[in-house]
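Participant: First to last, the protein sequences are chains E, A and G.
So the first sequence is numbered by the working numbering: it starts at 1 and just counts up by one.
So the second sequence is numbered by the working numbering: it starts at 1001 and just counts up by one.
So the third sequence is numbered by the working numbering: it starts at 2001 and just counts up by one.
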Amino acid sequence: MEYPALARESLDRVAASKPLIHQITNVVVTNDSANLTLAFGALPVMAYAPQEAAEMAAISQALVLNIGTLSEEEIAAMLLAGKAAGDKGIPIILDPVGAGATAFRTESALRLLRELPITVLRGNRGEIGALVGSGEVRGVEATGSEDPREVATAARDAFGITVAVTGATDVVAGQETTYLVNNGSPLLAGITGSGCMATATIGIFATAGSDPALQTALGLATYGLAAERAAQGDPGPGTFRARLLDEVAALHSEGTSGVNIVESRES
Amino acid sequence: MEYPALARESLDRVAASKPLIHQITNVVVTNDSANLTLAFGALPVMAYAPQEAAEMAAISQALVLNIGTLSEEEIAAMLLAGKAAGDKGIPIILDPVGAGATAFRTESALRLLRELPITVLRGNRGEIGALVGSGEVRGVEATGSEDPREVATAARDAFGITVAVTGATDVVAGQETTYLVNNGSPLLAGITGSGCMATATIGIFATAGSDPALQTALGLATYGLAAERAAQGDPGPGTFRARLLDEVAALHSEGTSGVNIVESRES
Amino acid sequence: MEYPALARESLDRVAASKPLIHQITNVVVTNDSANLTLAFGALPVMAYAPQEAAEMAAISQALVLNIGTLSEEEIAAMLLAGKAAGDKGIPIILDPVGAGATAFRTESALRLLRELPITVLRGNRGEIGALVGSGEVRGVEATGSEDPREVATAARDAFGITVAVTGATDVVAGQETTYLVNNGSPLLAGITGSGCMATATIGIFATAGSDPALQTALGLATYGLAAERAAQGDPGPGTFRARLLDEVAALHSEGTSGVNIVESRES
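1. Would you mind giving the Cβ-Cβ distance between Val1163(A) and Leu1121(A), rounded to the nearest angstrom? I have them listed as a contact below 8 Å.
2. Is it the case that the Cβ atoms of Ala39(E) and Val248(E) are separated by a distance below 7 Å?
3. So is Glu2074(G) buried or exposed if we call it buried at 16+ other beta carbons inside 10 Å?
4. Going straight from the alpha carbon of Ser267(E) to that of Gly1190(A), what length do you get?
5. With a Cβ-Cβ cutoff of 7 Å, do His22(E) and Met78(E) count as a contact?
6. Is the CB of Arg1243(A) under 7 Å away from at least one CB in chain G?
7. For a cutoff of 7 Å on Cβ pairs, would you count Asp32(E) as touching chain B?
8. Are there 16 or more other CB atoms within 10 angstroms of the CB of Met2001(G), so buried, or fewer, so exposed?
9. Count the other CB atoms, across all protein chains shown, that sit within 10 Å of the CB of Ala111(E); report buried if there are 16 or more and exposed otherwise.
10. If the cut-off is 8 Å on Cβ atoms, which residues from the stretch 2058-2091 of chain G count as contacting chain A, listed in chain order?
11. Going straight from the alpha carbon of Leu214(E) to that of Gly174(E), what length do you get?
12. In chain A, which residues lie less than 8 Å from Val2029(G) when you measure between Cβ atoms?
13. So, with DSSP's three-state summary, where would you put Asp2170(G)?
14. Give the interface partners of Asn2035(G) over in chain E, defined as CB-CB distance under 8 Å, in chain order.
15. Would you mind reading off the limits of the beta strand (DSSP E) that contains Thr1178(A)?
16. Quick one: which residues of the stretch 1099-1121 of chain A get their C-beta closer than 7 Å to a C-beta of chain E? List them in chain order.
17. Pull the bridge partners of Glu957(A) from the DSSP assignment, please.
18. Output the boundary residues of the beta strand (DSSP E) element that contains Ala62(E).
19. Please state whether the Cβ-Cβ distance between Val2262(G) and Ala2221(G) is less than 7 Å.
20. Check whether the Cβ of Ala1039(A) lies closer than 7 Å to any Cβ atom in chain G.
21. When the Cα atoms are used, what is the spatial distance from Gly2255(G) to Gly236(E)?
22. What does DSSP give as the partner residues of Ala1164(A) in its beta bridges?
23. Any C-beta of chain G sitting closer than 7 Å to the C-beta of Glu1055(A)?
24. So with CB distances below 9 Å, who are the chain A contacts of Tyr48(E)?
25. Per DSSP, Thr102(E) forms a beta bridge with which residues?
26. Among Ala208(E), Tyr48(E), Met197(E), which has the Cα closest to the Cα of Asp12(E)?
27. Within the same chain, show all residues whose beta-carbon is closer than 7 Å to that of Ala7(E), passing over the 5 residues directly before and after it, in chain order.
28. So, helix, strand or coil for Ile2128(G), using DSSP?
29. With DSSP as the reference, label Gln23(E) as helix, strand or coil.
30. Using beta carbons (cut-off 7 Å, strictly below), is Asp2234(G) in contact with chain E?
31. For the stretch 243-266 of chain E, which residues have a beta carbon sitting closer than 9 Å to at least one beta carbon of chain A?
32. Looking only at C-alpha atoms, which of Leu2245(G), Ala2058(G), Glu2052(G), Asp2246(G) sits nearest to Gly2086(G)?
33. For Glu2052(G), return the contacting residues in chain E, with the cut-off set at a CB-CB distance below 7 Å.
34. By the 10 Å Cβ neighbour count, where 16 or more other Cβ atoms means buried, how is Glu72(E) classified, buried or exposed?
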């Protein structure tokens, strides 16, 4: 099947199953992530307390961990939720926001990768690079000039999991296949949490198929396609942010024919 | 007086008195709740620290407690604020977000109901049902097929307070009168925090009249009327969310003639 | 040079240097502040954990502290970040949200002023007044009838730093010069966090020039000018909020010719 049809199929599965997406995420993007999840037809739940993190994860269909405004207590909740998710075989997506900017973020991300059966790791090339010893980050933005494909491959080999490095072209490095996703818009860089929302999207799509790398590529492409549509007419960031949710919700009626994924088997 | 006129009267009282609405709420909806409060002409204040919760509640005109992203420290703050509010006779509104999904949420909501003089309890039928031993919840969404009217009545009898179960039709069970509120829009289910904003609205309207059940019905109907207007033309969720605030702020000029409440005395 | 040209110059410097603005702010406004920072062409980073606050501040170009939803742990993080910023000579902007409403807020703001080399203090006349023994506050809103100019001057003399008291006219009291900023819109009072965003703007502009009072006046005027443009046609608060970000991002193309600052040397 072609990628646009596969993306459509995943969207339909999400709409039919209304998966519960447990998100332990940062305070900057929590509202946007919840609204994005609803726009995809899935159900968000934000539950951060150690007292309930494992119980909530165990009734969910995916777990999204995001270290954007991390605290010690949140790490404890992530470990509890992640272990429960692992026991149930639920996919876990990790977004190491700002890894490389401070030792606390880098070390916390590495600890989560070590102690939990993470399914997909997503970040910009600076963040992912920092986890494999390269990468330059200022705050939560990638700087430097690493090749995103090399960064993704190095992280995949280091951690043995699917790794998505997002940017102008998103690179998804799976165990056998690497996907290049050409959807998206420069306007995404003008709003906060656009990367975090990409990570939430991966969590949603991970519930709709069994191949993590393929589902990650389909999710990023579909989200990027909605962003392209929202960017038409070059709106300002406040308008773009509202339209992005509109266009995600409109994917069912507007279709996925613009999904642009290029497969690239390792040579 | 007819309900639309009563709703108008409450709006006018809020605009004249600018009540301070102290909200201890979840991180997902805090911005939306604050903006909604301003749109109604009231003043929001979010104060979560145990060191100040009681002092802030004591200078407020209503206290809104929402357990959507609860922590141990937040429960402590809620108990302190609630006791101060009770001592001053200030109405307290409780939103047991996600009760039934985890034991921590169910037990925390029951503890707040037991230890504080809650005035109005508002949730969906799953959440309220969970507090009286029925109810099905996935994350923070109601599933199952309970009759919302039976759930509201059971909770009213169990806790001896006004209970609002919101959904396609909102049911407000007071001690003597039950109100059915027919305002609202299916689009509300497409944005996060629409229930939490309904709860904040109840807190605002509770400052404008002495009958908790009537004020709750008026608040839900007025909020639902603004949602109906915001839903015209079937916008996407990002646009609807912005318009909802616009329409709440426009209630003074647009009026309340669409308020649709049906009274139903117990037989 | 005239003020509009100076404002333009600061905007251009920000766009060229992309300063990292470390913000320890409240949960109500964190998303809006981050989006505003991006709209100005700067990079936001929200980092609240004591484990990383100093490290993040040390790589930033400005530090913005906002006590809107303060906790004990956040005070600890602010002190660590503030000391690191002071060691590096990075400007620190303090927003004492709700000072005067509770003892915890007033005392925490005073402690930060005492222990950290704050560069600019910004609040409404109630909040700033409370820090110098006058001022009336309800929640986070100024009431009472103090003259904002007297409040600003008193606080400048008490703390020996630049003080901005924002309102219908913003007053910026520097060591030698007082600026009156006549930009802005009444619609700003209809959205939450408009004051917090003004504070973030000051942090951004503080990276683009060495005179704190002048940079504060330029920042407030530029932000107010964007608000004036966003207010055209008198939109509701939900639409205004989105347009405000749009207009900030459009400042580069639309220009700063409406910047309206009046200098007033002490007589």
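We put the beta carbon where it would ideally sit given N, CA and C, even for glycine.
None of these values were measured; they are calculated from a predicted model.
Facilitator: Taking the definition as stated:
1. 5 Å
2. yes
3. buried
4. Here Ser267(E) scores only 49 on pLDDT, less than 50, and its place in the model should not be relied on; the value that follows carries that caveat. So the two alpha carbons sit approximately 45 Å from each other.
5. no
6. yes
7. Here the protein chains are E, A and G, and chain B is not one of them.
8. exposed
9. Sequence check: residue 111(E) is Arg here, not Ala. Exposed, because fewer than 16 other Cβ atoms sit within 10 Å of the Cβ of Arg111(E).
10. Gly2068, Thr2069, Leu2070, Ser2071, Glu2072
11. 8 Å
12. Asn1031
13. strand
14. Ile191, Thr192, Pro237, Gly238, Arg241
15. 1177-1181
16. Ala1101, Thr1102, Ala1103, Phe1104, Arg1105
17. Given that chain A is displayed from residue 1001 to residue 1267, the structure contains no residue 957(A) and the question cannot be resolved.
18. 62-66
19. no
20. yes
21. 15 Å
22. Arg1122(A), Val1172(A)
23. yes
24. Val1027, Thr1069, Leu1070, Ser1071
25. Ala99(E)
26. Ala208(E)
27. Leu218, Ala221, Thr222, Thr256, Val259
28. helix
29. strand
30. no
31. Arg243, Leu244, Leu245, Asp246, Glu247, Val248, Ala249, Ala250
32. Ala2058(G)
33. Thr102, Phe104, Arg105
34. exposed
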